[in-house]
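Visitor:
Numbering (my numbering), first residue to last: 209 to 592.
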């Protein structure tokens, strides 16, 4: 079943709960993009704060960096013009601007502008040609990619450590000079960032829901569990930035739980996002917590919230239909949190179905028990 048509027609998630759910609980799907900040947090919001945080700078150092960098832009424009056809790129490092040239005759003119000058063989244009030639060569197993290193005046070819990648054959086929190549081994293969992490958003034509838990089907294919009301069997989903999946199993009345099979760009993680609390919670098992236990929930609208388990095997009548076998909690939630994970400690419990109230005034939320249904499908929760 798709997200509530009442909720989907109302732009404000809070209003949707106030009107559609004040008399009866409802499904927690929501239209539109995921909020930039699901809940209030203390993360940096401006460039100065971000520079201080990510580059480990003081306020004075951050201000100085921006001033010097701004001045370097003007110097670079002058130096580029002074270098003329010999210009081969520019490098900025903390407080120094270096302009690369391919002709020693251009050094004096460049340095007269206040920039340092370094003579190189290839420069940006020459390295771009090497990259283009490599792009035409046959793919080699173990070669992860290549990029121009302007500072080193080489093209770096990254290979997976221990793969035995035949870089020489690739370079020979491309017809590029060996002196232009630097081979770097790494133990980290690149991946797209459609990471399957509990609580993060996914989208269907009907709206936005949240990923429950990373999982695999009986064939070992990657995917995730979520709420059935977010989509019926065959419903296509997208996971930002470029993950694509489809609902393989979906059972609304029997527990409001579903499994989405990944079609492309799914990378599984045994993690649940803690949003406002920072970091992520590892999922290491699926042991059922007793009634009265503390549980926490993650969702793409309100982030990370906690409460206690109050009852199991509750029947709930939603506007979309009646669902049996849900677990009752006093954890708050709102539209868009649907499908998100409930955990007790590091143990996966279930996925958000629906509820009443909101995270301003409090409320009641029900989750679909995880194991009975997914086991019947041969689905396994990914625990690392």
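Idealized CB from N, CA, C, for every residue including glycine.
Treat the numbers as computed from the prediction; the structure is a model and nothing was measured.
Where does residue 265 sit, in a helix, a strand or coil, going by DSSP?
Guide: It is coil, neither helix nor strand.
Visitor: Given a cut-off of 8 Å on the beta-carbon distance, is the pair residue 470 and residue 430 in contact?
Guide: A contact, by the Cβ cut-off of 8 Å.
Visitor: Taking the Cβ atom as the reference point for each residue, do residue 560 and residue 545 lie within a distance shorter than 8 Å?
Guide: In contact: residue 560 and residue 545 (Cβ atoms closer than 8 Å).
Visitor: Have a look at 368, 363, 409 and 346 and flag the residue whose alpha-carbon is nearest the alpha-carbon of residue 387.
Guide: Ranking the options by Cα distance to residue 387, first place goes to 363.
Visitor: Where does the unbroken beta strand (DSSP E) through residue 347 begin, and where does it stop?
Guide: Taken as a continuous stretch (DSSP letters only), residue 347 belongs to no beta strand (DSSP E), as it is neither H nor E.
Visitor: Which residue or residues does DSSP assign as beta-bridge partners of residue 459?
Guide: 465, per the DSSP bridge assignment.
Visitor: If I'm right that residue 323 touches residue 312 with Cβ under 8 Å, what's the distance once you round it to whole angstroms?
Guide: Residue 323 to residue 312, Cβ: 16 Å. No contact.
Visitor: The beta strand (DSSP E) that contains residue 538, what's its start and end?
Guide: Here residue 538 belongs to no beta strand (DSSP E), and DSSP marks it neither H nor E.
Visitor: Could you work out which residue in 510, 438, 275 and 533 is closest to residue 457 when comparing CA atoms only?
Guide: Of the candidates 510, 438, 275 and 533, the one whose C-alpha sits nearest the C-alpha of residue 457 is 438.
Visitor: Mind checking residue 284: buried by the 16 CB within 10 Å criterion, or exposed?
Guide: By the neighbour-count rule (16 or more Cβ atoms within 10 Å), residue 284 is buried.
Visitor: I'd like the ranges of any beta strand (DSSP E) spanning at least 3 consecutive residues and lying wholly in the segment 504-564.
Guide: With a minimum length of 3 residues, the continuous beta strand (DSSP E) runs that stay inside the segment 504-564 are 511-526, 529-537 and 549-552.
Visitor: When you compare the segment 479-492 with the segment 448-462, are there three or more beta-carbon pairs, one atom per stretch, that lie closer than 8 Å?
Guide: No contact exists between the segment 479-492 and the segment 448-462.
Visitor: Starting from the C-beta of residue 369, find all residues in its chain whose C-beta is less than 8 Å away, skip the five residues before and the five after it, and write them out in chain order.
Guide: Result list for residue 369: 393, 394 and 395, in chain order.
Visitor: Below 8 Å between beta carbons: does that hold for residue 514 and residue 497?
Guide: Cβ distance not < 8 Å, so residue 514 and residue 497 don't count as in contact.
Visitor: If the criterion is Cβ atoms closer than 8 Å, does the pair residue 419 and residue 562 meet it?
Guide: In this structure, residue 562 does not lie closer than 8 Å to residue 419 by Cβ.
Visitor: Short check: CB of residue 537 to CB of residue 518, under 8 Å?
Guide: Yes, Cβ-Cβ distance for residue 537 and residue 518 is below 8 Å.
Visitor: With residue 509 and residue 549 assumed to form a contact (beta carbons below 8 Å), what rounded beta-carbon distance in angstroms separates them?
Guide: About 14 Å separates the two Cβ atoms, so there is no contact after all.
Visitor: According to DSSP, simplified to helix, strand and coil, what is residue 450?
Guide: Correct three-state label for residue 450: coil.
Visitor: Does the contact criterion of 3 or more C-beta pairs under 8 Å hold for the segment 319-335 versus the segment 282-298?
Guide: As far as the Cβ criterion goes, the segment 319-335 touches the segment 282-298, which means the pair count is three or higher.
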